[in-house]
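Chains as they are written, first to last, in my numbering: chain D, 384 to 702; chain A, 384 to 702; chain H, 3 to 396; chain U, 3 to 396. Idealized CB from N, CA, C, for every residue including glycine. What you are looking at is a predicted structure, and each value in this text was computed from that prediction instead of being measured. A quick write-up on the structure given underneath.
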Amino acid sequence: MYLDLDEGERAVSEGVAAFLAGEFPLQRLLHSSDSEALEAFAAQGWLGLAVPEELGGAGLSCVEEALFFMAHGREAGPFDLFPQMLALEVARHSPTLVAELLSAVHRVALWVATEGETARLVASAPPTVALRIEVQRVALWELKGKELSERTCLDRSVSFYLVPRAELRLLAEERCDLYLRAELALASMEVGIAQRALEMIVAYARQRHTFGRPIGAYQAVRHPCADMAVRVEAARCQLYYAACALREGHRDAATQVSAARVLARRAARDNTDLNIQLHGGLGVTEEYPAHLLLKRANLLARLPGGRSWEREALLQESA
Amino acid sequence: MYLDLDEGERAVSEGVAAFLAGEFPLQRLLHSSDSEALEAFAAQGWLGLAVPEELGGAGLSCVEEALFFMAHGREAGPFDLFPQMLALEVARHSPTLVAELLSAVHRVALWVATEGETARLVASAPPTVALRIEVQRVALWELKGKELSERTCLDRSVSFYLVPRAELRLLAEERCDLYLRAELALASMEVGIAQRALEMIVAYARQRHTFGRPIGAYQAVRHPCADMAVRVEAARCQLYYAACALREGHRDAATQVSAARVLARRAARDNTDLNIQLHGGLGVTEEYPAHLLLKRANLLARLPGGRSWEREALLQESA
Amino acid sequence: MDLKLSDEDLEFRARARAWLTRHVPKEPRPPYGEAAARFDREWQRKLYEHGFAGINWPREYGGLGLSAIQQVIWYEECARAGAPHYINTTYVGLMHAGPTLMACGTEAQKRYYLPRILSGEHLWCQGFSEPDAGSDLAALKTAGRIEGDELVVNGCKTWTTDARFADYQELLVRTTPGSQRHHGLTWVICDMKSPGISIHPIRTMLGDEHVNTVFYDEVRIPLANVVGEVGQGWKTALSTLAFERGTGFIGDQLALAERVRQAISLARRVRLESGELAIENADIAGRLALIKADTLAIRAMTLHQISEVASSGAPGPKGSIMKLMVTSTAKTLSHLVAELLGWEFLEYDYEGGRENQPWTYDYLWSWVYTIAGGTSEIQREIIADRLLELPRAR
Amino acid sequence: MDLKLSDEDLEFRARARAWLTRHVPKEPRPPYGEAAARFDREWQRKLYEHGFAGINWPREYGGLGLSAIQQVIWYEECARAGAPHYINTTYVGLMHAGPTLMACGTEAQKRYYLPRILSGEHLWCQGFSEPDAGSDLAALKTAGRIEGDELVVNGCKTWTTDARFADYQELLVRTTPGSQRHHGLTWVICDMKSPGISIHPIRTMLGDEHVNTVFYDEVRIPLANVVGEVGQGWKTALSTLAFERGTGFIGDQLALAERVRQAISLARRVRLESGELAIENADIAGRLALIKADTLAIRAMTLHQISEVASSGAPGPKGSIMKLMVTSTAKTLSHLVAELLGWEFLEYDYEGGRENQPWTYDYLWSWVYTIAGGTSEIQREIIADRLLELPRAR
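Structure follows, in structure tokens:
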């Protein structure tokens, strides 16, 4: 029983953090798109983090994946990594498909909703494959046609792609605990976002002055920051626990993952909100990155869409 | 259109405030009971505030009654006044009954719940009559037997009296807008409580020092106090509006009264909570009156019990 | 106290309703830019020509000289009729500069500017905040040097809404070199076409460019444009702010009720993930009911405030209570609706603005609202200082 | 990271569970007074005699020398078995005085006091806070005058829990006359039977008399009782507080999970005014789910904290995060249950205490919890100062 990062875990965590800070820092979203990002992560081998070694991956677990997505969340990293890496789990039984996903020959969008005859996908560039995450199954669908209608999203690093439902063909599906993997990855990104929001306002509060003092000397700033730290710490510790429980196959893994998700979503929502508010006017300007965290948190909060599942997992008799 | 106290209203408001501060100040509850209070109010003629002059009352309206109960709330005044004064409205058609209520020959308890075959009443002394407030009707019941079982209440100024349901006999009932009168009176008391909680902490924050400064100089105290003031002001203005709308027979009176009640209950709950918290250790001691406001607010919050009615009145199509 | 409207009030309401039904523009207001400013000017001119501009401004300056209650009635009828939102490019002129000139201007200033504000001929912008003087306005540094009968201004102002379309600016500058805080300031009317002014738009997270930073390089302003006295600009500015914090947002306060009505109606239509109608979900319904109650309270507070002003003459620090209530209720509302709307909420195109995607726009606007015009934190300080008279640490 | 328990851990859990099943007292603990203290002493002696006292205290002082994980396991098993609540009259000895003596005491002090704390022979109480030194502990004024080999104490301490039943007190006094703030203080062991001590109970709004004000009139304490150095009492006190803010509330943190389980089970039984089961109401269910998540997080934070201490050796300022989490979650929980319970909640008899009416007691206790041991406001200051390193204004 040890609920903190060991050396190997720290290496993964710092490795991805350094790569992201160098190549895909949060500020990139002020000026550029993420449409080429997948290839860069493919080239570094990050996509195969949790893919078995025999299939060309690094053979690590959902614990390292959680650390990866936490670091990713801190920079509001390229969104497409989430469906791409989850798709690799669905594709396990097809080495060809795994290879095509690992090399980003196939580009995976997230299929987030079905509106009448139309499927709504989210990705940063036109996809070839769509991943649908449901509580009972996670499935990969190939896009047959090229008929994509693009719409802008509040999180400008991605677009919506609307495709006729009939043009999607089932490629592979998985019915085990992949839904929990998805929830865990989302929770991880949200913890990263909440953490970054805290760091951003703390740095600003140290240097910005008003009425002759740094704003960090006012309790109106200090106390909300303290509450932000509480939310991050709670969500992060629960994330660690849930990741371990999932890897170790605990009976209460679903409950633990739900708790992690609920707390991470709350932390991301409240911390990105307060980060803007406590910055004052600067916080609402487009050139300052505070709003990027808010908008990403808004997108993630709606994924994969199983709020009543979360509640049931938390309130079940045996939990 | 004038939504503030005129001269006559101010006189009522200040009169009752002065009487209560002199005879029934909040601090009385630290040492004595309210069992003799009704007679004192009867002697001063306060019970007949809204009773028509031809029946021996002062002939004022629900607006003055709201001001009366706001002043009453500030001192967590004798609880029995609420059922007694409402009973007078139910008794309108029987001058004898009115006289017996006005002189406190009859003592009215509030019938708050029916548990199996037992009726649960609330009063500060053994009652002779019980008032039941329901959305569709407000009714007065006489206690036939003397079989009262007494239980202590969190708000120690009153007791619970448990009586067999079969021993209650219908005396009079009223089906018009009396339910709204009850809600309005409760909202008024709650506004008074919320206001008193604010005054109490503001006075303390001016004189109590910590770390070399009055605590009122810390934003951790100042800002919650400001929020308390916002809640009081919102609830108070809405109370005024609702009282006028009820008196003037506006179509939206139910919606307005519901809004007043919802905001008053929130203000009483949050302000009595913060008042204790911001006092620190002193706030939880029995000798300091902060807890009296909290406990009274707890009792009132459960009365008369129509939360879903309130919600419906606020969300109805035409509101 | 009573809610009775006089015969004049009722007659005014009927007249306003009838006129608005016929004259509210069919086409939506363009979201940004010159086209929006033109639209606002035209609507204002139409109001002026038909006798609906400056409801409670004195008749001698072109207003209607009506009561504050009739002003409320007007806003309610505008919200009901879907009339153009009154917080537009005419706002600073009508709500800041106009009242300030009435309180502190010379007779010549009043006669010249006030009717032109009412007719939509002159648009105004504000010039108070600076990059290092936001919440702490008295820290401003933009300097005005007196040379003969002119003020020569150098420095920079920021968060100036619609600076590009404004004809004039209410400009607060430091005219006493080396003066501290609120001493040595001057409030002056600046012609925005003066040489030496350059305007740099600030894009916000909403995607618009309403606000700007304005730079002043040896901008020359006649001393005749000073409002109040040279060196007494803080006093003049306080009257501007008192108005904004007093009754300057009444229209907004009342318009919120219409938004809540729309949200409740939305909750009757949309279904949650679980399949139930949103309105039937106890959590959603409870939150909506509370928002509705808050909105009714805001209207009651507005009427109470008007009644207090009518009897005491001054709005007092309760404007800060109102700003906290209005901005926090608007925020709670837009965040709740964001939950109801699903993917439609996220499909924001950054070009459509408030007209195309009102709920997403309102959601993003909720931070502007709780920050601009004095952050919520500053409003709480004002309440603690002035209303509760708590000891100060500053 | 991993959640795997070692064979020793599993064996200890099985042993603890089996023992507790057989030995947890059938009768409830008396709520107040001497009877309660006797009950606590007896339970502690039973633990001591059966080898379950001082799970992670060193063996040389009578402890079991087990790991922090096993300490956690012990608390979990106690909560599961309904064992007597460990926050009782033995708390200060076991959680404050004991750890402080281990860190700063002389060998003689350790040998004498520690085993007697473990065996329940000695009950301790705290003597830090004063009427004018609560949150601001360093403002304390109670004076200790050195005369020969004695300290003569005059003054007053307050909020002293269970002072009437305690044998000893951890007493913090000002021994350097005229010294300021945290300088010149001394931490000393005070025999509560010393002449000159008088104890005045403070009734709280819960109806109990757990806390007291203690007056000292020429109370003579041997200098040999000083823990740490004379004049260095602040250093000693910090080690006391670090322990309390570090892992001193682990048992409470874990017991909360059991309360949440009971609340969820209650929500499955009780019906709301509308007739539906509480658990089926979206508002109630959503709030309960969040409380459940917070409770799981508190357990995860506890394990994380233990892991950090295991690798770094020190608990750090995260104890303040824990206290905020635990006290706010407990408050949210008890306030939610208050809504579910209806009139049963209000039928509070003021004599039964926690045992008779646990939910109403917990509801009232929620304020004690967010105030005692450093208010929530002070905890936020500690986080801002020490964890976030924000600039100070104080």
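With the cut-off set at 7 Å, would you say residue i and residue j are in Cβ contact?
{"i": "H:G100", "j": "H:I71", "result": "no"}
{"i": "H:I286", "j": "H:T334", "result": "no"}
{"i": "D:A441", "j": "D:L430", "result": "no"}
{"i": "H:G235", "j": "H:T188", "result": "yes"}
{"i": "A:A600", "j": "H:P393", "result": "yes"}
{"i": "H:I323", "j": "A:E573", "result": "no"}
{"i": "H:M327", "j": "D:H674", "result": "no"}
{"i": "H:Y218", "j": "H:V272", "result": "no"}
For the putative contact between residue i and residue j, defined by C-beta atoms under 8 Å, what is the C-beta separation to the nearest angstrom?
{"i": "D:R652", "j": "D:A625", "result": "Contact flag wrong, Cβ pair sits at about 19 Å."}
{"i": "U:T160", "j": "U:E132", "result": "6 Å"}
{"i": "H:V228", "j": "H:T102", "result": "Not a contact, Cβ separation roughly 12 Å."}
{"i": "D:L485", "j": "D:V521", "result": "Not a contact, Cβ separation roughly 18 Å."}
{"i": "H:Q359", "j": "H:Y371", "result": "H:Q359 to H:Y371, Cβ: 17 Å. No contact."}
{"i": "U:S137", "j": "U:T377", "result": "6 Å"}
Name the residue from the options whose alpha carbon lies nearest to the alpha carbon of residue i.
{"i": "H:A340", "options": "H:Q381, H:S322, H:G35, H:A269", "result": "H:A269"}
{"i": "A:L537", "options": "U:E353, U:G376, U:A81, U:L305", "result": "U:E353"}
{"i": "H:L5", "options": "A:R503, A:E631, A:E419", "result": "A:E631"}
{"i": "A:P712", "options": "A:S540, A:Q519, A:E670", "result": "Given that chain A is displayed from residue 384 to residue 702, the structure contains no residue 712 of chain A and the question cannot be resolved."}
{"i": "U:H397", "options": "U:V155, U:E44, U:L7, U:I385", "result": "Absent from the model: residue 397 of chain U. The displayed extent of chain U is 3 to 396, so no value can be given."}
{"i": "A:G439", "options": "A:A401, A:R475, A:G460, A:R539", "result": "A:R475"}
{"i": "A:M453", "options": "A:A588, A:G663, A:A643", "result": "A:A643"}
{"i": "D:R552", "options": "D:C627, D:W494, D:A618, D:L629", "result": "D:W494"}
{"i": "D:S507", "options": "D:G499, D:L581, D:L629, D:R539", "result": "D:R539"}
{"i": "U:Y34", "options": "U:D151, U:S330, U:L348, U:D210", "result": "U:D210"}
{"i": "D:E447", "options": "D:C627, D:R614, D:L563, D:V541", "result": "D:C627"}
{"i": "H:N58", "options": "H:L96, H:A226, H:I373, H:H87", "result": "H:L96"}
What are the start and end residues of the alpha helix (DSSP H) that includes residue i?
{"i": "U:G198", "result": "Counting along the chain, U:G198 falls outside any alpha helix (DSSP H), and DSSP gives it neither H nor E."}
{"i": "U:V311", "result": "284-314"}
{"i": "U:C80", "result": "70-83"}
{"i": "A:L657", "result": "636-662"}
{"i": "D:R520", "result": "Taken as a continuous stretch (DSSP letters only), D:R520 belongs to no alpha helix (DSSP H), as it is neither H nor E."}
{"i": "H:N90", "result": "Per DSSP, H:N90 belongs to no alpha helix (DSSP H) and is neither H nor E."}
For the beta strand (DSSP E) that residue i lies in, which residues bound it at each end?
{"i": "H:F217", "result": "213-224"}
{"i": "A:S542", "result": "542-547"}
{"i": "D:E533", "result": "532-535"}
{"i": "D:L553", "result": "551-557"}
{"i": "U:T331", "result": "No beta strand (DSSP E) contains U:T331, which is instead part of the alpha helix (DSSP H) from 320-343."}
Note down, in chain order, every chain H residue with its Cβ under 9 Å from the Cβ of residue i.
{"i": "A:L403", "result": "What A:L403 touches in chain H: nothing, since even the nearest Cβ is about 22 Å away."}
{"i": "A:L523", "result": "By Cβ distance, chain H contributes nothing, its closest Cβ being about 30 Å from A:L523, past 9 Å."}
Residue i touches chain A at which residues, Cβ-Cβ below 9 Å?
{"i": "D:H592", "result": "What D:H592 touches in chain A: nothing, since even the nearest Cβ is about 16 Å away."}
{"i": "U:V272", "result": "Near U:V272 there are no residues of chain A at all, since even the closest Cβ is about 13 Å away, more than 9 Å."}
Can you pull the chain D residues whose beta carbon is under 9 Å from the beta carbon of residue i, in chain order?
{"i": "H:I373", "result": "I659, Q660, H662, G663, G664, G666, V667"}
{"i": "A:Y544", "result": "Per Cβ cutoff of 9 Å: no residues; A:Y544 is ~38 Å from chain D at best."}
Please compile the residues from chain A whose C-beta is within a distance smaller than 8 Å of the C-beta of residue i.
{"i": "U:R205", "result": "T668, E669, E670"}
Strictly below 8 Å CB to CB, what residues from chain U border residue i?
{"i": "H:G288", "result": "D285"}
Which chain D residues are close to residue i, counting only those with a beta carbon under 7 Å from its beta carbon?
{"i": "U:P393", "result": "R589, P597, G599, A600"}
{"i": "U:I71", "result": "M384"}
Closer than 7 Å by beta-carbon distance: list the chain A residues that pair up with residue i, in chain order.
{"i": "D:A603", "result": "Q602, H606"}
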